[in-house]
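Residues in the sequence shown are numbered consecutively from 1, following the numbering used here. In this text, a Cβ means the ideal position worked out from N, Cα and C, and glycines have one as well. Notes follow the structure.
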Amino acid sequence: MRNDNGYYRRMAQQTKAVRSRRRGEVLENALYDATLAELSAVGYGGLTMEGIAAGPHR
């Protein structure tokens with residue numbers, strides 16, 4: 001695109017994408033913590049994958 005003076009505008013510098021998804025040991029620890037929290041909240045009989053996945057989003 002051109003600016004008001006008729007010159008082409010310089011493109012903005014692209015920044016490196018930031019990874020927001022947890023991986024590896026961080027992910028394992030988060031799953032472990034979520035499992036323990038759900039287990040203490042609902043007991044073994046009420047433990048489900050859906051409950052663990054919902055975690056703090058309930």
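| said: From the DSSP secondary-structure annotation, give me the bridge partner or partners of Y8. | reply: Against the sequence shown, residue 8 aligns to sequence position 8. Per DSSP, R2.
| query | With 16 as the cutoff for other CB atoms within 10 Å, does E28 come out buried or exposed? | reply | If you number the sequence shown from 1, residue 28 lands on position 28. So E28 counts as exposed.
| field | Collapsed DSSP secondary structure at L36 in the structure displayed | value | Reading the sequence shown from its first residue, position 36 is the one you call residue 36. Here L36 sits in helix by DSSP.
| said: I'd like to check one pair, V42 with G55: are the Cβ atoms closer than 8 Å? | reply: Here residue 55 is taken as the residue at index 55 of the sequence shown, counted from 1. Here residue 42 is taken as the residue at index 42 of the sequence shown, counted from 1. The answer is no: Cβ separation not under 8 Å.
| field | Distance between A53 and L39 (C-alpha atoms, nearest Å) | value | Start at 1 with the first residue of the sequence shown, and residue 39 comes out as number 39. Start at 1 with the first residue of the sequence shown, and residue 53 comes out as number 53. L39 and A53 have their C-alpha atoms some 12 Å from each other.
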